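Protein chains in written order, with this note's numbering: chain W, 25 to 410; chain R, 12 to 339; chain C, 214 to 522. By construction, the Cβ of each residue, glycine as well, lies at the ideal position given by its N, Cα and C atoms. Computed from a predicted structure; not experimentally measured.
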Amino acid sequence: MQKILYAAACAASMIGPALAQDLKIGVVVPLSGPPAVLGKQVEDAFRLAVEDMNGEVGGVSTEVFVVDSELKPEVALTRVKGLLERDEVDFVVGTVFSNVLGAIVKPVTKSETFLISPNAGPSTLAGRNCNPFFFSTSYQNNQNFEVLGKHAQDQGIKSVFMMTPNYQAGRDAVEGFKKFYEGEITNEVYTPLGHQDFSAEIAEMSEAGAEALFTFMPGGMGVRFVKQYRESGLADKMTFLSAFTVDEATLPAQQDAALGFFGATSWAPSLDLPRSQEFVTRFEEKYGYIPGGFAMQAYDAALLIDSAVRAVGGNLEDKDALREALEAADFESLRGNFAFNNNHFPIQDFYLLRVAQREDGKFWTEVESKVFEDYSDSFAQDCKMK
Amino acid sequence: MSELPVPDLAPVNRGPLDRSLMIGLIVLGLLAIMPLLSPILGGDYMLSLVIKAMIFAIAAISLDLVLGYGGMVSFGHAVFLGIGAYVTGIALQEGVYGAFPILALVLLISGAFALITGAISLRTTGVYFIMITLAFAQMVYFSLTSLSYYGGDDGLTLWDTPEVFGMYLFQTGSGLFYSTLVLLALIWFFVWRLAMSRFGRVLRAAKQNPTRVGSLGYNVFVYRLIAYVISGMLAGVAGFLLACQAEFISPSTTSWQISGHLIIMVVLGGLATRNGPLLGALFVVLIEEILSQITHDWRLIFGPLLVLIVLFSKGGLAGLLKNKRATG
Amino acid sequence: MNSTILLIQLLNGVQFGVLLFLIAAGLTLVFGVMGFINLAHGVQYMIGAYLTFMYYSWTNHFLAALALGLVTALVLGLLLEELIFRHLYTRDHLDQVLATFGIILFVNELVKVIWGPGTLTLPTPEILSGSIQLTENLKYPVYRLALIAIGLFVALCLYVIVTKTRVGMLIRAGASDSETVNALGVNISRLFMIVFGFGAMLAGLAGALAAPIFTIEPGMGDNLLIVAFVVIIIGGIGSIRGAFIAALLVGVLDTLGRTIATDAMGLIFDASAANQIGPSIASMLIYLFMATILFFKPQGLFPAQGGAR
Numbered sequence: 025m026q027k028i029l030y031a032a033a034c035a036a037s038m039i040g041p042a043l044a045q046d047l048k049i050g051v052v053v054p055l056s057g058p059p060a061v062l063g064k065q066v067e068d069a070f071r072l073a074v075e076d077m078n079g080e081v082g083g084v085s086t087e088v089f090v091v092d093s094e095l096k097p098e099v100a101l102t103r104v105k106g107l108l109e110r111d112e113v114d115f116v117v118g119t120v121f122s123n124v125l126g127a128i129v130k131p132v133t134k135s136e137t138f139l140i141s142p143n144a145g146p147s148t149l150a151g152r153n154c155n156p157f158f159f160s161t162s163y164q165n166n167q168n169f170e171v172l173g174k175h176a177q178d179q180g181i182k183s184v185f186m187m188t189p190n191y192q193a194g195r196d197a198v199e200g201f202k203k204f205y206e207g208e209i210t211n212e213v214y215t216p217l218g219h220q221d222f223s224a225e226i227a228e229m230s231e232a233g234a235e236a237l238f239t240f241m242p243g244g245m246g247v248r249f250v251k252q253y254r255e256s257g258l259a260d261k262m263t264f265l266s267a268f269t270v271d272e273a274t275l276p277a278q279q280d281a282a283l284g285f286f287g288a289t290s291w292a293p294s295l296d297l298p299r300s301q302e303f304v305t306r307f308e309e310k311y312g313y314i315p316g317g318f319a320m321q322a323y324d325a326a327l328l329i330d331s332a333v334r335a336v337g338g339n340l341e342d343k344d345a346l347r348e349a350l351e352a353a354d355f356e357s358l359r360g361n362f363a364f365n366n367n368h369f370p371i372q373d374f375y376l377l378r379v380a381q382r383e384d385g386k387f388w389t390e391v392e393s394k395v396f397e398d399y400s401d402s403f404a405q406d407c408k409m410k
Numbered sequence: 012m013s014e015l016p017v018p019d020l021a022p023v024n025r026g027p028l029d030r031s032l033m034i035g036l037i038v039l040g041l042l043a044i045m046p047l048l049s050p051i052l053g054g055d056y057m058l059s060l061v062i063k064a065m066i067f068a069i070a071a072i073s074l075d076l077v078l079g080y081g082g083m084v085s086f087g088h089a090v091f092l093g094i095g096a097y098v099t100g101i102a103l104q105e106g107v108y109g110a111f112p113i114l115a116l117v118l119l120i121s122g123a124f125a126l127i128t129g130a131i132s133l134r135t136t137g138v139y140f141i142m143i144t145l146a147f148a149q150m151v152y153f154s155l156t157s158l159s160y161y162g163g164d165d166g167l168t169l170w171d172t173p174e175v176f177g178m179y180l181f182q183t184g185s186g187l188f189y190s191t192l193v194l195l196a197l198i199w200f201f202v203w204r205l206a207m208s209r210f211g212r213v214l215r216a217a218k219q220n221p222t223r224v225g226s227l228g229y230n231v232f233v234y235r236l237i238a239y240v241i242s243g244m245l246a247g248v249a250g251f252l253l254a255c256q257a258e259f260i261s262p263s264t265t266s267w268q269i270s271g272h273l274i275i276m277v278v279l280g281g282l283a284t285r286n287g288p289l290l291g292a293l294f295v296v297l298i299e300e301i302l303s304q305i306t307h308d309w310r311l312i313f314g315p316l317l318v319l320i321v322l323f324s325k326g327g328l329a330g331l332l333k334n335k336r337a338t339g
Numbered sequence: 214m215n216s217t218i219l220l221i222q223l224l225n226g227v228q229f230g231v232l233l234f235l236i237a238a239g240l241t242l243v244f245g246v247m248g249f250i251n252l253a254h255g256v257q258y259m260i261g262a263y264l265t266f267m268y269y270s271w272t273n274h275f276l277a278a279l280a281l282g283l284v285t286a287l288v289l290g291l292l293l294e295e296l297i298f299r300h301l302y303t304r305d306h307l308d309q310v311l312a313t314f315g316i317i318l319f320v321n322e323l324v325k326v327i328w329g330p331g332t333l334t335l336p337t338p339e340i341l342s343g344s345i346q347l348t349e350n351l352k353y354p355v356y357r358l359a360l361i362a363i364g365l366f367v368a369l370c371l372y373v374i375v376t377k378t379r380v381g382m383l384i385r386a387g388a389s390d391s392e393t394v395n396a397l398g399v400n401i402s403r404l405f406m407i408v409f410g411f412g413a414m415l416a417g418l419a420g421a422l423a424a425p426i427f428t429i430e431p432g433m434g435d436n437l438l439i440v441a442f443v444v445i446i447i448g449g450i451g452s453i454r455g456a457f458i459a460a461l462l463v464g465v466l467d468t469l470g471r472t473i474a475t476d477a478m479g480l481i482f483d484a485s486a487a488n489q490i491g492p493s494i495a496s497m498l499i500y501l502f503m504a505t506i507l508f509f510k511p512q513g514l515f516p517a518q519g520g521a522r
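So, in structure tokens, the structure goes:
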């Protein structure tokens, strides 16, 4: 029995590295359950980028291995070890969620493989545990929330009701918002992760008398909350400030319930840059849905690898040279301004976004105003890298 | 207590003793030569996968002590994995690097937790016991997610490894492989001996007829509680190893999905058998990984596979193996 | 917190409780009468939602979609019973757990393959789409009130069926002593089929009714299944009355807990610690409640006579 098993394992593990390629890139994203929507954006955009480069990232024939993190740290770890030790990838692109990133960062960086995050950006990796083999093409997790806090402060919003899920990212969100916001916080509510019924929280909001709502409800939670919030009539009374709650991943389900609500990040599909618009058009043509920030960051990750591999002439052995080439960030980012800070997180512009309806009836986010220019995160000074 | 008659008991799910011993030793032997075979089986990746499988085998074997022999369906056993992992992770974070002090702490804390929750849970039986163990597991899970100082829901990456007098026996790679294998072999041996001992016979008899065992003068509650505590401590050791293998701790280790997974390993392998939990854990960990390489929608295959195994085999994989040998 | 908001929260709690009851009722019957642990019950809840979504996108009519969805949920339930579950009634509980877990894996993956991983929404039916101005700021959707009404109506029907009809008598007898029922010459396998199909349909109904509020996604039933188990354990396995009371208790406790826990912790700890501990306590509350009940009443609040296994 065992022998058969191992034989099968052996056969299965042979499927991967059958073709000898020059450049191998592993992509680790959630492809199971509801979070698969986000993982799919990353996978689709990354594949599109490789296709746009005619299958040659950095001028080198490229093979992409996509594995499912299942949003479970221990599962992701096993899969990543497969990428590193069986497929012997040169780069790992992942992850969407911070808890999975925490599980894979050590094995990847310890094997001196470059890890590029297309979304997750926990504060520890930006600060004291910054790593020479880790780069981010997204943002530090707190930043989008800092944008909202700054906006609320600038607009003179006097009181805010805060609601986020009860997990680390939810707490980071609250901390980020408070960085620039000095007005009154009427409530600080933490809901269970995957929360279904927001009626109790909405009732609290209706009594709190706050001028604005600040929330962070990613994925299905956002769909449910926005729908229930709109039905409660509160949308007419409180300004809706959010991140990852009304974005291209959730808008197809939220539709007009989210119309006029605010979000914040470093890019919107409507951004008025030729390169970006070309990407959005190509992406929609190929996959039939509007790309969100996750897709943009994944596409940029491919552009980054492309620029670095090109700079070192395809020589992947000299890690220091490769790192220098990555740090240079010598590529044209879809979001415009882009440079790496000492902690390998981007220095970039951030915008306040607003949900709008396109002429074809679909919903997306549009840039309302630029809140920060060339903005770097608050943890970079804790990072010892130069 | 020693003058009480030991309840007579037909051997439970036990084939000829030698054969099951042989199968177990063959499996362990195969595992032992894995590092030699690994270059042709996918390299270090295969090795780390097998380490993970062995760690889950330890947890499954410890669960079988209460689940199989004791008839107590614990739906919260992942908690002990979590406790083991968190004690290890927090100790490393706070500057305790010695493997033995950490292991002692793991045993102490998982044992204490088992003692307290077991004393409460064992007031109930059957499905009520299932749910109350789940309740405790959920409480631990929610506590860990709000443990912001140690990463909360994001978990904690461990940048250090426990050491044994300056040797990194628990560092990923062959060191951890052999440490895990040795612990697995010891625990595999120990649990079987325990189940076959006087203590185990009382435990097994109480599974079938608690009233009768009670009337013989045994305090069934105490026997069950001791089994529960031992089981919790052994699963804590698996948690320690898991932290070493993953170099990361996360509340998700204590989720009910993992507890369910452990039950599946034991039942699939064969309840209350010498090799069942061992085979079950190896099978589940490896088959999931192999199927997931074939398709991202591997659950479409694995789900029906579970149903078919239940419908067409009694006594799990161990039973299947035994039958084959018997007829062939 | 003032009394207005307390009343609103009670209403919200009752509404959640009613929904829990719809899921728990089938679960407790199947468990009580057949001694069968059906983990796939949550999947049946999900199937109800997806089917209604599918029929709605074809017919554009909520009630028609609901009716078609329920019939299909019933048929699928009976099919599962015929093909798989029936062979497991006499087996060990753990075999049942294993097999029904396999079904969860399969069906969750299947709906993802068919309908995609994303969250789907079902609009509220036209006639119930209005809302009541509850306070100056807060509107309460009529649909939620209708949900409560439907739940109470189903509870009443179930109560009448179980206490007043022949089938109900057999169910009660089955819950306490199925062997005797069998010995009396009752066609027990038909009884089981009826109970099972009925339970599957109730779960499907719950899923379909919940969809306009809670949205639809793969695995949506998994966490609710655990809560439904908590409900039937607190209520006492096999007891419809127990399930009803426990569902309301759990619904209200969970809802109120989420509003009060952080404030309550604020009385003991400073604000930031309270914000850490409060939400976790709120999530644990129903489990604490169950553990406490079991500590004092190891068979739940209303144990079926003789006790289902």
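Measure from the C-beta of Thr-99 of chain R to each C-beta in chain W and report whether the shortest distance is under 8 Å.
-> Not an interface residue.
Determine the chain R residues that contact Phe-314 of chain C at a beta-carbon separation under 7 Å, and present them in chain order.
-> In chain order: Gly-271, Ile-275 and Leu-317.
Selection from C:Leu-360, C:Arg-385, C:Asn-273 and C:Leu-358 that minimises the alpha carbon distance to Leu-371 of chain C | Just measuring C-alpha positions, the residue of C:Leu-360, C:Arg-385, C:Asn-273 and C:Leu-358 sitting nearest Leu-371 of chain C is C:Arg-385.
Compare the Cα-Cα distances from Val-247 of chain W to each of W:Leu-95, W:Phe-268, W:Phe-355 and W:Ala-234 and report the closest residue.
-> Among W:Leu-95, W:Phe-268, W:Phe-355 and W:Ala-234, the Cα nearest to that of Val-247 of chain W is on W:Phe-268.
Which residue from W:Arg-110, W:Gly-82, W:Gly-57 and W:Val-52 puts its Cα closest to that of Val-91 of chain W?
-> Nearest C-alpha to Val-91 of chain W: W:Val-52.
What is the DSSP secondary structure of Tyr-189 of chain R, reduced to helix, strand or coil?
-> Per DSSP, reduced to three states, the secondary structure at Tyr-189 of chain R is helical.
Check whether the Cβ atoms of Glu-351 of chain W and Phe-362 of chain W lie closer than 8 Å to each other.
-> At least 8 Å separates the beta-carbon of Glu-351 of chain W from that of Phe-362 of chain W.
Leu-383 of chain C versus Thr-393 of chain C: straight-line alpha-carbon distance, rounded = If you draw a straight line from the Cα of Leu-383 of chain C to the Cα of Thr-393 of chain C, it comes to about 10 Å.
Element boundaries [alpha helix (DSSP H), containing Ser-496 of chain C] = Unbroken alpha helix (DSSP H) run through Ser-496 of chain C: 484-509.
Chain C beta carbons: is any one of them nearer than 8 Å to that of Leu-331 of chain R?
-> Judged by the 8 Å Cβ criterion, Leu-331 of chain R is not in contact with chain C.
When the Cα atoms are used, what is the spatial distance from Thr-337 of chain C to Ile-140 of chain W?
-> Distance between the alpha carbons of Thr-337 of chain C and Ile-140 of chain W is about 43 Å.
How far does the alpha helix (DSSP H) with Thr-264 of chain R in it reach, from first residue to last?
-> Counting along the chain, Thr-264 of chain R falls outside any alpha helix (DSSP H), and DSSP gives it neither H nor E.
Rounded to whole angstroms, what's the CA-CA distance from Phe-169 of chain W to Ser-357 of chain W? Just pull it up for me.
-> Rounded to whole angstroms, Phe-169 of chain W to Ser-357 of chain W spans 22 Å at the Cα level.
Would you report the Cα separation of Gly-194 of chain W and Leu-422 of chain C, rounded to the nearest angstrom?
-> Separation of Gly-194 of chain W and Leu-422 of chain C (C-alpha to C-alpha, rounded to the nearest whole angstrom) is 30 Å.
Can you find a C-beta in chain R that's less than 8 Å from the C-beta of Ser-493 of chain C?
-> Proximity of Ser-493 of chain C to chain R, defined by a Cβ-Cβ separation below 8 Å, is satisfied.
Locate the beta strand (DSSP E) running through Ala-288 of chain W, then write down its first and last residues.
-> 286-289 is the span of the beta strand (DSSP E), which, as asked, contains Ala-288 of chain W.
In chain order, what residues of the same chain lie with their CB nearer than 6 Å to the CB of Leu-139 of chain R, ignoring the 5 residues before and after it?
-> What sits at residue 139 of chain R in the sequence shown is Tyr, not Leu. Around Tyr-139 of chain R: no qualifying Cβ.
Mind checking whether Ala-246 of chain R and Phe-124 of chain R have CB atoms under 8 Å apart?
-> Not in contact: Ala-246 of chain R and Phe-124 of chain R (Cβ atoms no closer than 8 Å).
Quick one: what's got a C-beta closer than 8 Å to Arg-306 of chain W's C-beta in the same chain, skipping five residues either side?
-> The beta carbon of Arg-306 of chain W sits closer than 8 Å to the beta carbons of Leu-72 and Asp-76 from its chain, once the five residues preceding and following it are set aside; these are given in chain order.
Work out the CA separation of Ala-197 of chain W and Gly-173 of chain W for me, nearest whole Å.
-> Each residue's alpha carbon lies about 10 Å from the other.
Compute the beta-carbon to beta-carbon distance between Val-336 of chain W and Asp-330 of chain W, rounded to the nearest angstrom, for a pair I have assumed lies under 8 Å.
-> About 12 Å separates the two Cβ atoms, so there is no contact after all.
Using a Cβ-Cβ cut-off of 8 Å, state whether Val-336 of chain W counts as contacting chain C.
-> Closer than 8 Å: no.
Return no unless some Cβ of chain C is closer than 8 Å to the Cβ of Tyr-139 of chain R.
-> Interface residue, yes.
So, does the CB of Ala-257 of chain R fall closer than 8 Å to a CB anywhere in chain W?
-> Judged by the 8 Å Cβ criterion, Ala-257 of chain R is in contact with chain W.
Apart from the five residues on each side of it in sequence, which residues of its chain come closer than 6 Å, Cβ to Cβ, to Pro-189 of chain W?
-> Cβ within range, chain order: Thr-215 and Leu-217.
Closest Cβ-Cβ distance between Leu-60 of chain R and chain W: below 8 Å?
-> Yes, because at least one Cβ of chain W sits closer than 8 Å to the Cβ of Leu-60 of chain R.
Could you check if Cys-407 of chain W is buried or exposed, using at least 16 other CB atoms within 10 Å of its CB as the buried criterion?
-> By the Cβ neighbour-count rule, Cys-407 of chain W is buried, with 16 or more other Cβ atoms within 10 Å of its own.
Under 6 Å Cβ to Cβ from Ile-445 of chain C, same chain only, skipping five residues before and after it: list those, please.
-> Shown here for Ile-445 of chain C: same chain residues with a beta carbon closer than 6 Å to its own, the five before and five after excluded, namely Ala-237, Leu-240, Thr-241 and Ala-456 in chain order.
List the DSSP bridge partners of Lys-218 of chain R.
-> Paired residue(s): none; Lys-218 of chain R is not in a bridge.
Quick one: residues in its chain with C-beta nearer than 7 Å to the C-beta of Phe-409 of chain C, no 5 flanking neighbours on either side, listed in chain order?
-> Excluding residues within five positions, the ones whose Cβ falls inside 7 Å are Val-243, Gly-290, Glu-294 and Phe-298.
Between Gly-82 of chain W and Glu-255 of chain W, what straight-line distance do the alpha-carbon atoms span, to the nearest angstrom?
-> If you take the alpha carbons of Gly-82 of chain W and Glu-255 of chain W, they lie about 51 Å apart.
Would you call Glu-258 of chain R buried or exposed, if buried means 16 or more other Cβ atoms sit within 10 Å of its Cβ?
-> Label assigned to Glu-258 of chain R: buried.
Please determine, among R:Trp-199, R:Gly-243 and R:Tyr-239, the residue with the shortest C-alpha to C-alpha distance to Ala-292 of chain R.
-> Among R:Trp-199, R:Gly-243 and R:Tyr-239, the Cα nearest to that of Ala-292 of chain R is on R:Trp-199.
Are any of the Cβ atoms in chain W nearer than 8 Å to that of Asn-225 of chain C?
-> True, the Cβ-Cβ gap to chain W drops below 8 Å.
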